[in-house]
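Here is the structure we will look at, set down as structure tokens.
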Amino acid sequence: MQITKKDNYFILGDDHDDPVAFASYLERAVPQTYEMHNLVIDLLKYEDLTLDQLVSYLKLSNYQRGGKKSYVIVNSAINSDLVPDEMIVVPTLQEAEDIIQMEEIERDLGF
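With the working numbering, the residue at position 49 of the sequence shown is 56, and numbering never jumps.
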């Protein structure tokens with residue numbers, strides 16, 4: 008796994024070529040190491056990511072968001088109209104950072 012630490016979040020990227028296996032790995036790794044952190048899941052390299060593959064990240068998305076932490080997936084291949092409401096998927100890392108900043112402000116304001 009590729010890990011990049013930013014000011015208030017981590018970017019986690021897959022160093023293999025299987026998005027579903029990466030989702031399964033994250034389900035084990037995140038609760039042990041990253042549950043108290045905002046996360047960006049970098050799936051940009053998967054230019055042909057399918058909706059079924061994306062949905063394999065739903066359980067972890069619900070877990071992180073339930074703990075009042077941001078969880079943003081970055082991928083430009085998925086049509087945003089098809090993404091489940093429980094997930095946030097953006098096409099760039101900059102947009103992911105912007106989402107995390109907005110959610111941090113909302114949490115600070117009690118929303």
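Here a beta-carbon is modelled for each residue, glycine too, at the ideal position from N, C-alpha and C. Every value quoted in this text rests on a predicted model; they were computed, and no experiment measured them.
| Asked | Found |
| --- | --- |
| Between the region 24–36 and the region 51–63, do three or more beta carbon pairs fall short of 8 Å? | yes |
| Quick one: residues in its chain with C-beta nearer than 8 Å to the C-beta of LEU114, no 5 flanking neighbours on either side, listed in chain order? | The residue asked about is misnamed: residue 114 is Arg in this sequence, not Leu. If we look at ARG114 and ignore the five residues flanking it on each side, its Cβ neighbours are LYS75. |
| Work out the CA separation of LYS66 and ASP92 for me, nearest whole Å. | 13 Å |
| Assign LEU89 to buried or exposed, taking buried as 16 or more other Cβ atoms, counted over all protein chains shown, within 10 Å of its Cβ. | exposed |
| Considering THR40, what are the terminal residues of the beta strand (DSSP E) in which it resides? | Premise fails: THR40 lies in the alpha helix (DSSP H), 26–40, not in any beta strand (DSSP E). |
| Looking at VAL37 and GLN71, is the spacing between their C-beta atoms short of 8 Å? | yes |
| Roughly how many angstroms separate the alpha carbons of VAL79 and TYR16, rounded to a whole number? | 10 Å |
| Taking the straight line between their C-alpha atoms, what separation do you get for ASP21 and GLN108? | 24 Å |
| State the DSSP-derived secondary structure class of ASN45, mapped to helix, strand or coil. | strand |
| Tell me the rounded alpha-carbon separation between ALA30 and LEU116. | 31 Å |
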